[in-house]
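Undergrad: Numbering (this note's numbering), first residue to last: 1153 to 1393.
For glycine and all other residues, C-beta sits at the position ideal for the given N, C-alpha and C.
These figures come from a predicted structure and were not determined experimentally.
Before we start, here is the structure in question, set down as structure tokens.
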């Protein structure tokens, strides 16, 4: 999901968040996956305050330092908390609706662009939450992202990202996460909110051991910061220089 969304009719997340902000507090969108059973995504979740965030999210926010890039910032809930702590945050999203929401919520530095276009400003922390590393889309996309990462991190910088290990869903014959069709953490999503329907886009759930191997392949270090429920985990990638 590298490219910015140019057509509001293909921006269901932005449309849903704008409706929620306008007072439609039952606003939810549908998420369909090519491989997984998915549930709805509701505005109430996306606008949650810090006290209602998971322990994993709170730990990631605690570890943020210096100049921060919040990738896939959505409604801006993580960016707003970091702002309240006196941190400098750039809030990146490809959704025009999300950018509008963040502006309305006084997020200071929303950026309407895709991650792979950024290489001028460098950051001490790149933050990717809510299965944020899924934005890479595929294993190939993750390779490309890890190659790109040093161009957006300062010396001594870090990536804080979460994902979900879907091992428990794998067939026993594919216990390493691979099947004849490929890596089973790769899926395709379509989001819909009333008549607003997204283009199909790739999404990645990566198990920690595979992430660790890929990070080491590119000469960086990776540590498992915290394990949450249902296979979710927070990882820290560092040592890019």
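If the criterion is Cβ atoms closer than 7 angstroms, does the pair residue 1201 and residue 1348 meet it?
TA: In the chain shown, counting from the first residue as 1, residue 1201 sits at position 49. In the chain shown, counting from the first residue as 1, residue 1348 sits at position 196. The answer is no: Cβ separation not under 7 angstroms.
Undergrad: Residue range of the alpha helix (DSSP H) that residue 1373 falls in?
TA: The sequence position of residue 1373 within the chain shown is 221, counting from 1. No alpha helix (DSSP H) contains residue 1373, which is instead part of the beta strand (DSSP E) from 1373-1379.
Undergrad: Check residue 1395 in the structure and name its three-state DSSP category.
TA: Any answer about residue 1395 is impossible in this case: the structure gives the chain only from 1153 up to 1393.
Undergrad: For residue 1157, does the count of other Cβ atoms within 10 angstroms reach 16, so buried, or fall short, so exposed?
TA: Indexing the chain shown from 1 puts residue 1157 at position 5. Buried, because 16 or more other Cβ atoms sit within 10 Å of the Cβ of residue 1157.
Undergrad: In three-state DSSP terms, what is residue 1390?
TA: Numbered from its first residue, the chain shown carries residue 1390 at position 238. Residue state, collapsed to three classes: strand.
Undergrad: Tell me which residues share the same chain as residue 1275 and place their Cβ nearer than 8 angstroms to its Cβ, disregarding the 5 neighbours each side in the sequence.
TA: Here the question's residue 1275 lines up with position 123 in the chain shown. The residues are 1218, 1219, 1220, 1221, 1242, 1304, 1305, 1306, 1309.
Undergrad: Is the separation between the beta-carbon of residue 1186 and that of residue 1316 shorter than 7 angstroms?
TA: Reading the chain shown from its first residue, position 34 is the one you call residue 1186. Reading the chain shown from its first residue, position 164 is the one you call residue 1316. Cβ distance not < 7 angstroms, so residue 1186 and residue 1316 don't count as in contact.
Undergrad: Spell out the partners DSSP gives residue 1264 in its beta bridges.
TA: Counted from its first residue, the chain shown places residue 1264 at position 112. DSSP output for residue 1264 lists 1245 as bridge partner(s).
Undergrad: What are the boundary residues of the beta strand (DSSP E) that residue 1309 is part of?
TA: Counting from one through the chain shown, the residue named residue 1309 turns up at place 157. That run of the beta strand (DSSP E) goes 1305-1316.
Undergrad: Return yes when the Cβ of residue 1253 is within less than 7 angstroms of the Cβ of residue 1197, no when it is not.
TA: The residue given as residue 1197 occupies position 45 in the chain shown. The residue given as residue 1253 occupies position 101 in the chain shown. For residue 1197 and residue 1253, no; Cβs fall outside 7 angstroms.
Undergrad: Compute the Euclidean distance between the alpha carbons of residue 1366 and residue 1216, then round it to the nearest angstrom.
TA: Position 214 of the chain shown, counting from 1, holds the residue named residue 1366. Position 64 of the chain shown, counting from 1, holds the residue named residue 1216. When rounded, the distance between both Cα atoms is 23 angstroms.
Undergrad: Can you give me the start and stop residues for the alpha helix (DSSP H) that residue 1287 sits inside?
TA: Counted from its first residue, the chain shown places residue 1287 at position 135. Counting along the chain, residue 1287 falls outside any alpha helix (DSSP H), and DSSP gives it neither H nor E.
Undergrad: Determine the closest residue to residue 1264 out of 1244, 1271, 1319, with distance taken between C-alpha atoms.
TA: Residue mapping note: residue 1264 aligns to position 112 of the chain shown, counting from 1. It is 1244 whose Cα lies nearest to the Cα of residue 1264.
Undergrad: For residue 1185, which residues does DSSP report across the bridge?
TA: Against the chain shown, residue 1185 aligns to sequence position 33. According to DSSP, residue 1185 bridges with 1341.
Undergrad: Taking 6 angstroms as the cut-off, is the C-beta of residue 1288 nearer than that to any heavy atom in the ligand FMN?
TA: Ligands in the displayed structure: none, and consequently the ligand FMN is not present.
Undergrad: For a quick check, are the C-beta atoms of residue 1388 and residue 1287 less than 7 angstroms apart?
TA: If you number the chain shown from 1, residue 1388 lands on position 236. If you number the chain shown from 1, residue 1287 lands on position 135. Cβ distance not < 7 angstroms, so residue 1388 and residue 1287 don't count as in contact.
Undergrad: Measuring alpha carbon to alpha carbon, tell me which of 1248, 1342, 1360 ends up nearest residue 1285.
TA: In the chain shown, residue 1285 corresponds to position 133, counting from 1. When each option's Cα is compared against that of residue 1285, the closest is 1360.
Undergrad: Thinking C-beta only, is residue 1298 closer than 7 angstroms to residue 1345?
TA: Position 193 of the chain shown holds residue 1345. Position 146 of the chain shown holds residue 1298. Taking 7 angstroms as the Cβ cut-off, residue 1345 and residue 1298 do not qualify as a contacting pair.
Undergrad: For residue 1166 and residue 1180, I'd like the C-alpha separation in whole angstroms.
TA: By one-based count along the chain shown, residue 1166 stands at place 14. By one-based count along the chain shown, residue 1180 stands at place 28. The alpha-carbon atoms of residue 1166 and residue 1180 are separated by roughly 11 angstroms.
Undergrad: Identify whether residue 1334 lies in helix, strand or coil by the three-state DSSP scheme.
TA: The sequence position of residue 1334 within the chain shown is 182, counting from 1. Residue state, collapsed to three classes: strand.
Undergrad: Use the C-beta contact count for residue 1259: other C-beta atoms within 10 angstroms, 16 or more gives buried, fewer gives exposed.
TA: As a working mapping, residue 1259 is identified with position 107 in the chain shown. It counts as buried.
Undergrad: Tell me residue 1279's beta-bridge partners as DSSP assigns them.
TA: Along the chain shown, read from residue 1 onward, the residue named residue 1279 stands at position 127. Beta-bridge pairing links residue 1279 to 1222, 1312.
Undergrad: Just reading off the alpha helix (DSSP H) that residue 1124 is part of, what are its end residues?
TA: Residue 1124 falls outside the range modelled here, since the chain spans only 1153 to 1393, and no answer is possible.
Undergrad: If we ignore side chains and look at the alpha-carbon of each, how far apart do residue 1396 and residue 1379 end up?
TA: This structure leaves residue 1396 out entirely; the chain is present only between 1153 and 1393.
Undergrad: If you drop the 5 nearest sequence neighbours on each side, which residues of the same chain put their C-beta closer than 8 angstroms to that of residue 1192?
TA: For this step, residue 1192 is matched to residue 40 along the chain shown. Excluding residues within five positions, the ones whose Cβ falls inside 8 angstroms are 1180, 1181, 1182, 1183.
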